[in-house]
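For the first sequence, counting from 1, position 411 maps to 411 in the UniProt record's numbering; every step adds exactly one. Glycine included, C-beta positions come from ideal geometry on N, C-alpha and C. Keep in mind it's a predicted model, so treat the numbers as computed, not measured. The structure appears below as structure tokens.
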Amino acid sequence: MSDPQKPTLLVVDGHSLAFRAFYALPVDSFQTRDGQHTNAIHGFLSMLLLLLQNEKPTHLAVAFDKSRQSFRTREYEEYKGNRGETPVEFKGQVPILQEALQAMGITVLEKDDFEADDILATLATRGEAAGYRVLVVSGDRDTIQLVNDDITLLYPNTQGVSQLKRYDPAAVVERYGVRPEQYPEIAALVGETSDNLPGITKVGEKTAVKWLGLYGSLEGILEHIDEIKGVVGDNLRRERENAVRNRKLNRLVRDVELPVELDELEAKPIDLDAVTPIFTRLEFRTLLERVTKLVNGNGNGGAAGKPAASVAAVPAEDAPKAPTSARIAGTDLAIWLDAAVVAEPAGLGLQFELLDGKVVGAGVATKSESVELALVPGAPEFEAFEAWLASDAPKVLTDAKPQLKAAARSGLTVANVVVDPLVAGWLIRPNLQEKSLVDLVDRYLGETVPQGDPSQLVALEDESASTADLAWYSLRLAPVVLAAMSEGTRRVLAEIEMPLVPVLAAMELRGVAVDHDRLAGLSSELGGRAADLAESAFVEIGREVNLGSPKQLQEVLFDQLGMPKTRSTKTGYSTDANALADLQESNPHPFLGLLLEHRDATKLRQIVDSLDKAIGSDGRIHTTYGQVGAATGRMSSNDPNLQNIPIRTEDGRRIREAFRHGAEYTELLTADYSQIEMRIMAHLSEDPGLIEAFNAGEDLHRFVGARVFGVDEADVSPLMRTKVKAMSYGLAYGLSAFGLSKQLRIDRAEATQLMKDYFERFGAVRVYLRSVVEQAKIDGYTETIFGRRRPFPDLNSPNRVLRENAERAALNSPIQGSAADLIKLAMTSTERAIAEAGLRSRMLMQVHDELVFEVAEGEADELEAIVRDKMSHAVDLLVPLDVQVGRGASWDDAAH
DNA sequence: AAAAGAACGTA
DNA sequence: CGTACGTTCTTTTC
Numbered sequence: 001m002s003d004p005q006k007p008t009l010l011v012v013d014g015h016s017l018a019f020r021a022f023y024a025l026p027v028d029s030f031q032t033r034d035g036q037h038t039n040a041i042h043g044f045l046s047m048l049l050l051l052l053q054n055e056k057p058t059h060l061a062v063a064f065d066k067s068r069q070s071f072r073t074r075e076y077e078e079y080k081g082n083r084g085e086t087p088v089e090f091k092g093q094v095p096i097l098q099e100a101l102q103a104m105g106i107t108v109l110e111k112d113d114f115e116a117d118d119i120l121a122t123l124a125t126r127g128e129a130a131g132y133r134v135l136v137v138s139g140d141r142d143t144i145q146l147v148n149d150d151i152t153l154l155y156p157n158t159q160g161v162s163q164l165k166r167y168d169p170a171a172v173v174e175r176y177g178v179r180p181e182q183y184p185e186i187a188a189l190v191g192e193t194s195d196n197l198p199g200i201t202k203v204g205e206k207t208a209v210k211w212l213g214l215y216g217s218l219e220g221i222l223e224h225i226d227e228i229k230g231v232v233g234d235n236l237r238r239e240r241e242n243a244v245r246n247r248k249l250n251r252l253v254r255d256v257e258l259p260v261e262l263d264e265l266e267a268k269p270i271d272l273d274a275v276t277p278i279f280t281r282l283e284f285r286t287l288l289e290r291v292t293k294l295v296n297g298n299g300n301g302g303a304a305g306k307p308a309a310s311v312a313a314v315p316a317e318d319a320p321k322a323p324t325s326a327r328i329a330g331t332d333l334a335i336w337l338d339a340a341v342v343a344e345p346a347g348l349g350l351q352f353e354l355l356d357g358k359v360v361g362a363g364v365a366t367k368s369e370s371v372e373l374a375l376v377p378g379a380p381e382f383e384a385f386e387a388w389l390a391s392d393a394p395k396v397l398t399d400a401k402p403q404l405k406a407a408a409r410s411g412l413t414v415a416n417v418v419v420d421p422l423v424a425g426w427l428i429r430p431n432l433q434e435k436s437l438v439d440l441v442d443r444y445l446g447e448t449v450p451q452g453d454p455s456q457l458v459a460l461e462d463e464s465a466s467t468a469d470l471a472w473y474s475l476r477l478a479p480v481v482l483a484a485m486s487e488g489t490r491r492v493l494a495e496i497e498m499p500l501v502p503v504l505a506a507m508e509l510r511g512v513a514v515d516h517d518r519l520a521g522l523s524s525e526l527g528g529r530a531a532d533l534a535e536s537a538f539v540e541i542g543r544e545v546n547l548g549s550p551k552q553l554q555e556v557l558f559d560q561l562g563m564p565k566t567r568s569t570k571t572g573y574s575t576d577a578n579a580l581a582d583l584q585e586s587n588p589h590p591f592l593g594l595l596l597e598h599r600d601a602t603k604l605r606q607i608v609d610s611l612d613k614a615i616g617s618d619g620r621i622h623t624t625y626g627q628v629g630a631a632t633g634r635m636s637s638n639d640p641n642l643q644n645i646p647i648r649t650e651d652g653r654r655i656r657e658a659f660r661h662g663a664e665y666t667e668l669l670t671a672d673y674s675q676i677e678m679r680i681m682a683h684l685s686e687d688p689g690l691i692e693a694f695n696a697g698e699d700l701h702r703f704v705g706a707r708v709f710g711v712d713e714a715d716v717s718p719l720m721r722t723k724v725k726a727m728s729y730g731l732a733y734g735l736s737a738f739g740l741s742k743q744l745r746i747d748r749a750e751a752t753q754l755m756k757d758y759f760e761r762f763g764a765v766r767v768y769l770r771s772v773v774e775q776a777k778i779d780g781y782t783e784t785i786f787g788r789r790r791p792f793p794d795l796n797s798p799n800r801v802l803r804e805n806a807e808r809a810a811l812n813s814p815i816q817g818s819a820a821d822l823i824k825l826a827m828t829s830t831e832r833a834i835a836e837a838g839l840r841s842r843m844l845m846q847v848h849d850e851l852v853f854e855v856a857e858g859e860a861d862e863l864e865a866i867v868r869d870k871m872s873h874a875v876d877l878l879v880p881l882d883v884q885v886g887r888g889a890s891w892d893d894a895a896h
């Protein structure tokens, strides 16, 4: 594998990328006032900016073909002779593109008689020799021959620069079945249509690879040309000169004389004064913004977001150097580990090296020493390492969850990770989090991990951060982040977040069984329904439009049907479900209902299809939980998101029927907290009415309704119940009378009155909510019951919109956050209790206030008892915690 | 081709 | 003029 810590040289085939851009973007939409086409320029620069951000090259050049003529056309007149005339709209853009690149300080190279790929080959070869890691961006397959351990080809796939296919030697072998340096021989035999180079008739990739396997090289094949049987053998004997010629032509020249030295290609900060005029001339407004952002913002924090001085420790100049890591074998490692554990009672730094989700290596560090080991099961050092991992010896591991998963997949047990600096960093700054070890080191140690930092466009010597070095950085981060935390935050880290990490890792590995056949059936049913609805809708308006396009819908609704304008959005007028419902009320039209139904059907189908795609080879869906995602302390779920599976409609629930227990299990069990946020509000506000409501254990909304409307509980009508329910839930979000009136479709006066009556009876709630905001204005942050903090810098902003948004978020945060803390505690204790009871049943999913378990044969009752116990006693509040449990064959059946 | 916006699913 | 998320589809970019 290539070493990621070397300086990076990025070389780009300008024509190939510009050409892609030209055909990807509509020519007509991109021209300046005076008629200059700009689509290729715009697309190219847009892609290049993304490349710069993603790859963070330290050195950079873009090469172009100078003309169509080159030594290859002199050699073989027909070379590339089949290419049509270059469109004039494209031609004119190239010089301007080059001008723009030069303004950006990027070296542009072209050379008489050579093609761009020869320049790339030359730079790549020179870069490799000079110790660079080289990235070649080209759409020409000939550049495959350049690939080696230090040179990676980024080859445009069907879709975009963001999804460039990375060809390292292993990827080339996987795709083409030969090593990179052999690829041109394959191409020579097969021929290259796009270059007008015919190969051997009837010889394709498979035959060529087979021959190469037999005879080792093209030369070898030709030596044994008489041994090759069949028609293809005859073809080869007849057309061998084609192959010889092709091989000659597709060999890239690696020693083109160039007017620059490598170090002149160093990426310089972009000079806005040079870029602005040309971008302005091209009328590139948003691109200029992007460049400006790249220059100023540059990734994470930068100067603007530096921490208080107490946090940033060592200035970069006197940054300690990572200790030289040793490879210690056999019993020596056991001795080293024993000594290290004593030397660092707070824990050793750890870092795994992963490949394809498995552990292939690891680094372990103390403050002054580190070791690095390749993990080969059965090797002598493996045992000592494995024993230490599984022991209670404390470890510090940054971004632990994926590494714990890989460890588990590799059969390793990792116990007692006491600090994950990534999680710690999120607790300190839950909004703008540091996303990686590199970010954390920058912020909390004030040092730069060799490589990685996007704003550092400085070439580095071959000082590379090894796995052991990363372990060492983790170790040194731990005390610094701990010192930067309040005591309460430290407790949240130690008692809530760190114990949760292995629990989440286990849940993700388990996944949840999903029935493909049910999803497939549902998908086609919904698809059919959507098609029918669309057809009916088109009949209503007398034409076909894209019902998924808000823009086209606006035309239909406001122009064609002449309906009144709805809420305005940035780009026009809203066509969301709410707006359509309003229209239906004021201007009833069958189209509206059909449209809404169509939206439902397509949305559900889309969810069904994406779930179906996510089913793995084990028949299960493995989501990834984002432990450091939400600012409130909640988790998120992605790839796919299992926390937004429909439930409100009948069709939606049918999706949940596809979530089932696995074959080794008998059913699913779901357990959820009822009205958790209201209970937390009761606890925090100490409102006697609310506390009484929960202690009485009755229907909360009936209880509240009776008091708000001044009637007996028996006389609370469904409408009254709906109203107080909306009010209660809305409270925790900072709902206004206006919002309440809109949601309930009642007038403002009635909503205001409802709120007044509500607070008359439950006044402590209002007092509490106000006090949260006021205290937050003083402190600058809110805190959950457990001490989790969330800062609110906008609370004193002069900008009213910002300020009021911050106020609502602040008042919600302790409520949502405390609920998150609570269920996290419950998850950890439930997981532990299940293990201690020796059950095979297991926890699979978390949906904010709900946990889903897979029940093993004969364990249902015991599991339910454990879950009820642990969830309802996760913490002692002024009100009881009610846990609803259900069981069934599917997630839907298990709902109660 | 990439980014931004609209819409919508959950708690 | 209701908090917190993630995903997908369409439009814009000039």
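Here the region 331-342 lies against the region 367-376, with 3 or more beta-carbon pairs under 8 Å apart. Put simply, the region 241-256 touches the region 69-78. At least three CB pairs are less than 8 Å apart. Within the same chain, and ignoring the five residues on either side of A365 in sequence, the residues whose Cβ sits closer than 7 Å to its Cβ are L348, G349, A468, A471, W472, L475. In the structure shown, the three-state DSSP call for H598 is helix.
DSSP places E353 within a strand segment (E or B) once states are collapsed to three. A straight line joining the alpha-carbon of V136 with that of E283 spans about 30 Å. Around the Cβ of P564, a 10 Å sphere holds fewer than 16 other Cβ atoms; the residue is exposed. The three-state reading of DSSP puts T38 in coil, since its state is none of H, G, I, E or B.
Closest by C-alpha distance to E650, out of P345, E219, L522, A130, is L522.
Shortest Cα-Cα distance from R20 to any of Q753, K824, D142, P156 involves P156. R605 carries a helical assignment under DSSP once its states are collapsed to helix, strand and coil.
Look at S872 here: in three-state DSSP terms it is helix.
Taking the Cα positions, T86 is about 14 Å away from S194.
In the structure shown, G633 adopts coil according to DSSP, grouped into three states. Cβ contact annotation for A390 (same chain, cutoff 6 Å, sequence separation greater than five): T413, A415, in chain order. One alpha carbon belongs to P791, the other to P450, and they sit about 31 Å apart. In the DSSP assignment, Y625 falls within the unbroken beta strand (DSSP E) covering 624-626.
Within the region 346-416, the complete beta strand (DSSP E) segments of 3 residues or longer fall at 348-355, 358-365, 370-374, 395-397, listed in chain order. Counting along the chain, no alpha helix (DSSP H) covers I225, and no H or E run does either. Residue pairing for L154: DSSP places it in a beta bridge opposite V137, R166. When the Cα atoms are used, Y215 and G191 turn out to be separated by approximately 19 Å.
When secondary structure is reduced to three states using DSSP, M845 falls in the strand class.
Between L440 and L500, the CB-CB gap reaches or exceeds 8 Å. Linking M871 to L822 through their CA atoms gives a straight-line distance of about 8 Å. Between M485 and A424 a beta carbon distance of about 7 Å is seen, short of the 8 Å cut, so the two are scored as contacting. Taking the C-beta atoms as reference points, L594 is found nearer than 8 Å to E540. Excluding the 5 residues flanking it on each side, V12 has same chain C-beta neighbours closer than 6 Å at V62, V137, in chain order. By the neighbour-count criterion, in which 16 or more other beta carbons inside 10 Å mark a residue as buried, F786 falls on the buried side. Judged by DSSP in its simplified three-state form, F786 adopts coil rather than helix or strand. Taking the C-beta atoms as reference points, V295 is found no nearer than 8 Å to I278. Beta-bridge analysis with DSSP links Q31 to H37.
In the DSSP assignment, Q884 falls within the beta strand (DSSP E) that extends over 883-888.
V417 is the residue among V417, I607, I106, N250 whose C-alpha sits nearest the C-alpha of L397.
Around the beta carbon of P57, a 10 Å sphere encloses 16 or more other beta carbons of the protein chains shown; the residue is thus reported as buried. Burial is judged here by how many other beta carbons sit within 10 angstroms of a residue's own beta carbon; Y132 has at least 16 and is buried.
Under the three-state reduction of DSSP output, S568 falls in the strand class.
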